[in-house]
Amino acid sequence: MSTPWSRRSFLLLSGSAALLTGTLSAGPAWAAPPRSAAGDAYDALRVTWRGTLLGSGFDPAAAPFAEKLALLGVQAGEHRATMAAAGGSLWPDLPLNLSSSVTASYTRLATMAQAHAQPGTGLTGSAALLGAIMTGLDHLHDRVYNASGSPFGNWWDFQIGSPQALLDISTILYDQLSGTRLTRYLAAVDRFVPDSSVGSYTGTSTGANRVDLCRSLALRGILGKDAAKIALARDALSPVFPFVTTGDGFYADGSFVQHTYLAYTGSYGAVLLSGLAGLFSLLNGSAWAVSDPRRQIVLDSVEKSFAPFLYNGLMMDAVSGRSISRGNPRTTSHGFQGGDHGRGHGVLAAIALLGTAASGAENRRWRGLVKGWIQRDYYSPVLADTDLGVAALARLKAVRDDAAVTPIAEPTGHRLFPGMDRAVHRRPRWAASISMASRRIGSYETGNGENLRGWHTGAGMLQWWGDTYANGQYTDAFWPTVDPYRLPGTTVSTKTLADAEGGAWALPRPDVSWVGGATDGEYAAVGQFVRGLASTLYAKKSWFCLDDSVVCLTGAVRSTDGVSAETVVENRNLGATGSHALTVNGAVQPAALGWSAAFAGSRWAHIAGHGGYVFPGGATLRARREARTGSWRDVNTTGTADPVTRRYLTLWFDHGVDPVDASCASVLMPGATAAATAARAAAPGWLVVLANDNTRQGVAVPSLGVTAVNFWFAGSAGALTADNPACVLVREHGDGTATVCVSDPMRMRTGLTVRWDRPVAAVLSAPPTVTSAVTGSALTLTFGDLTGQAGATQRIGVALA
16 MSTPWSRRSF LLLSGSAALL TGTLSAGPAW AAPPRSAAGD AYDALRVTWR
66 GTLLGSGFDP AAAPFAEKLA LLGVQAGEHR ATMAAAGGSL WPDLPLNLSS
116 SVTASYTRLA TMAQAHAQPG TGLTGSAALL GAIMTGLDHL HDRVYNASGS
166 PFGNWWDFQI GSPQALLDIS TILYDQLSGT RLTRYLAAVD RFVPDSSVGS
216 YTGTSTGANR VDLCRSLALR GILGKDAAKI ALARDALSPV FPFVTTGDGF
266 YADGSFVQHT YLAYTGSYGA VLLSGLAGLF SLLNGSAWAV SDPRRQIVLD
316 SVEKSFAPFL YNGLMMDAVS GRSISRGNPR TTSHGFQGGD HGRGHGVLAA
366 IALLGTAASG AENRRWRGLV KGWIQRDYYS PVLADTDLGV AALARLKAVR
416 DDAAVTPIAE PTGHRLFPGM DRAVHRRPRW AASISMASRR IGSYETGNGE
466 NLRGWHTGAG MLQWWGDTYA NGQYTDAFWP TVDPYRLPGT TVSTKTLADA
516 EGGAWALPRP DVSWVGGATD GEYAAVGQFV RGLASTLYAK KSWFCLDDSV
566 VCLTGAVRST DGVSAETVVE NRNLGATGSH ALTVNGAVQP AALGWSAAFA
616 GSRWAHIAGH GGYVFPGGAT LRARREARTG SWRDVNTTGT ADPVTRRYLT
666 LWFDHGVDPV DASCASVLMP GATAAATAAR AAAPGWLVVL ANDNTRQGVA
716 VPSLGVTAVN FWFAGSAGAL TADNPACVLV REHGDGTATV CVSDPMRMRT
766 GLTVRWDRPV AAVLSAPPTV TSAVTGSALT LTFGDLTGQA GATQRIGVAL
816 A
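Converting from the sequence shown to this note's numbering requires adding 15 to each position, the first position being numbered 1.
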């Protein structure tokens, strides 16, 4: 039987993500030339698009293509064998009274069309397969998708999913389609994707959705030889390009938001990128080339928006919305395919394709980035990803094998994304992300029966990956098996929540504004005022991101839910059989499943093969080792019901039932040895916790020259004072200078004064927002209106006295 349909699986076969699979040739060398290959400009674009869908320059008998083509043939054969045209369906399991079934039916036909056109599928050129495709196309047209039909169910299926698959099929089988058939199919597209669908940049016609609509209009124009349609599609892309300050689109800080309130770089953003990559490349050099100069914003987004969230080939969950709940039932030696690595692979292919429409310098650099990611994805090798189309594999293999391309290493540094309440910290041997929520960004998204238990992903989830280890941490059936109340890094109420708590598409947002931080580009102070989802939980959380560690403070924890509140230090997925040793204060703990314990006065803990955790001042640490069983259907109604079991090692602080101003502190040291962790715990002068309460949270790390405070209200901590809520990070350098970083995470300050009690000789640099700077025995900075800075860091360079 065929696998359950999801938006991602559809897009990998047909639609925007199919664009990232392409090459811009006149078609595969083995394919018969299209009937109008020597025709007009429309025919030239159609031939280009066919090459984009099918690829070229690959050996169908060689790896990885042979396996992919064989799999394509098997899938197409299954679809042909199970097709049974009836009044209410084309396949028995896809009733046509559901809009998703209409799209899924076209998707299966698209798979069959590719198997017919591609070599090495076992069904190449099959007359029987072609006949089945035509029967299926006519059946769907006659029953539901035609010029007089009416949409129902999810709008996306009728305006994006189904027409994209239909247009791709029509492109691939153009020479086999009669003029009558093509005319009927194009009329159906006109019915459901009229010009008015891009008439205004509102509602469902924004961001990635707008790009998808333009793709359908462009292909409709090419196949129907309608210049106005193609021009409309090109021009309707322009509203996607400019930066936005609210709602959907790219933000100046690199954020990408979709559905108004969600961080979506890795899902909708990836769809948008791949869609634009295909359209830019398709129309490049034609009379309809995309020439709007603002398209450079999209090109810049490769390194500004996407690269920060790509690590060793994976795309971080923090920016992937409800797609984290989508599992792939095909397994490898590493477990489930897809997930963060699968999303990452798709973006790599999109970047490689976009490069063909960029400048030579951009294309060369991007190919270096892509080659580096390909080489470093040891956990889920890119070219072994059977979810990628043949053309994507060909394009990526060409990058990997190009001796002229030098792979680029993972960058280090810190990036804050105030526009979507996200932060990324990257060090030479590891990377981490922090997911937050506010009035501006939702706690999580559920819809279409997906992501039913993602409730706490925006409550400060801290995820991290190592350079040569732990890259499958969140790929290997994490989401269906992890305890959703104990996501790493979060502070939550243990109150029981219903699946899809808050309702589909409700996009619940906590009523808080103080979420954000300040960074000098290498280190950072990040903070979140946490309010629980459907609970009374109240907490203040801060992360101080440093050279080999992240200092985590949680304070002012309050709740009246009648249940315990917890702060989760860590929840590591140990895989199906892992028994990684846990050491607490030097003593190795039992490896038996079901073991749990509480350790009063804990100073440090270490998980073998992962890293260390230090608890400043000591704390009562709770730990549990367990095997958890679940299925993808538990978190996504379209997922498989097959049970999967993974082992977990969880560390947490229990704040008790209905806590009042509880607090805790920990230091995460990714990749650290037990000896290094113990040494850090034994060096009390390394970290000074300046404050951890409802008013301010701050630390000083003298060896790094760092002092940082999140001021929830006006106050003082250590050498820093602020007269209003603010985030302040000070870093002293070895050359007698220092950098003072200040931000207004609330975006409400019309004036702010920050004092640093440290002798300062002069101000070397300052942004226009600084209206006064007084030096001497202390530094006093006065800022003007910061409300228009969107939470961005204001950096001031000073010479120390």
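Each residue gets a CB set at the ideal place from its N, CA and C atoms; glycine is no exception. Here the structure is a predicted model, which is why all the values come from computation and not from measurement.
- Setting aside the 5 residues that flank it on each side, Glu747 is surrounded in the same chain by Gly720 and Ala753, each with a C-beta closer than 6 Å to its C-beta; the list follows chain order.
- Listed in chain order, the beta strand (DSSP E) elements of length 3 or more contained wholly in the region 701 to 752 are 703 to 707, 711 to 716, 721 to 726, 730 to 732, 735 to 737 and 741 to 747.
- Closest in C-alpha terms to Asn651, from the list Ser338, Pro674, Pro426 and Ser792, comes Ser338.
- As summarised for the region 603 to 682, the continuous alpha helix (DSSP H) elements at least 4 residues long and confined to that stretch are 647 to 650, given in chain order.
- Taking C-beta separations shorter than 6 Å and ignoring five residues to either side along the sequence, the partners of Gly262 in its chain run Thr275, following chain order.
- Gly791 counts as exposed, since fewer than 16 other beta carbons sit within 10 angstroms of its beta carbon.
- Separation of the CB atoms of His625 and Ala492 is rounded to 18 Å, and the pair is thereby denied contact status at 8 Å.
- Between Pro503 and the set Ser611, Ala372 and Phe668, the nearest pair of CA atoms involves Phe668.
- The criterion of a C-beta distance shorter than 9 Å is not satisfied by Leu69 and Ile148.
- Among the bridge pairs identified by DSSP, Phe207 is matched with none.
- Rounded to the nearest angstrom, the Cβ distance from Leu182 to Gln129 is 14 Å, too far for a contact under 8 Å.
- Where Ile389 is concerned, the enclosing alpha helix (DSSP H) starts and stops at Gly375 to Arg391.
- Taking 4 residues as the minimum length, the alpha helix (DSSP H) runs contained wholly in the region 167 to 249 are 177 to 187, 194 to 207 and 222 to 238, in order along the chain.
- Under the 10 Å beta carbon count, Ser215 is surrounded by fewer than 16 other beta carbons and is classified as exposed.
- A Cβ-Cβ contact shorter than 9 Å links Val724 with Val714.
- In the three-state DSSP reduction, Arg468 falls in the coil class, being neither helix nor strand.
- Remark: C-beta atoms of Pro107 and Ala119 do not approach each other more closely than 9 Å.
- Comparing C-alpha distances from Leu796 to each of Ala677, Ser780 and Ala81 shows the shortest one belongs to Ser780.
- Looking at Gly328, Gly487 and Thr551, the one whose alpha-carbon comes closest to that of Thr511 is Thr551.
- The shortest CA-to-CA distance from Ile184 to any of Leu297, Val286 and Gly66 is the one to Gly66.
- Nearest in C-alpha terms to Gly532, of all of Leu597, His429, Gly457 and Ala85, is His429.
- In chain order, Ala278, Thr280, Gly281 and Phe324 place their CB closer than 6 Å to the CB of Val334, counting only its own chain and leaving out the 5 sequence neighbours on each side.
- DSSP, reduced to helix, strand and coil, places Trp303 outside both helices and strands of the structure shown, so it counts as coil.
- Contact between Ala642 and Thr660 holds: CB atoms are separated by about 5 Å, below the 8 Å threshold.
- Shown here, Gln129 sits in a helix according to DSSP, grouped into three states.
- Judged by DSSP in its simplified three-state form, Gly542 adopts strand.
- In the structure shown, Gln273 falls within a strand segment according to DSSP collapsed to helix, strand and coil.
- Glu82: member of the alpha helix (DSSP H) spanning Phe80 to Thr97, first to last residue.
- Across the set Leu291, Gly633, Val439 and Leu403, the C-alpha of Val439 shows the shortest separation from the C-alpha of Trp480.
- Spatial neighbours of Asp535 in its own chain (CB-CB distance under 6 Å, excluding positions within 5 residues in sequence) are listed in chain order as Arg746, Thr754 and Cys756.
- CA-CA distance, Leu201 to Arg235, rounds to 6 Å.
- The beta-carbon distance between Thr635 and Ala607, rounded to whole angstroms, is 22 Å. This is too long to meet the 8 Å contact definition.
- The Cβ atoms of Leu228 and Val213 sit closer than 9 Å to each other.
- When rounded, the separation of the alpha-carbon atoms in Tyr393 and Gly387 is 11 Å.
- In the three-state reduction of the DSSP assignment, Trp106 falls in the coil class, being assigned neither a helical nor a strand state.
- One alpha carbon belongs to Gly222, the other to Gln273, and they sit about 7 Å apart.
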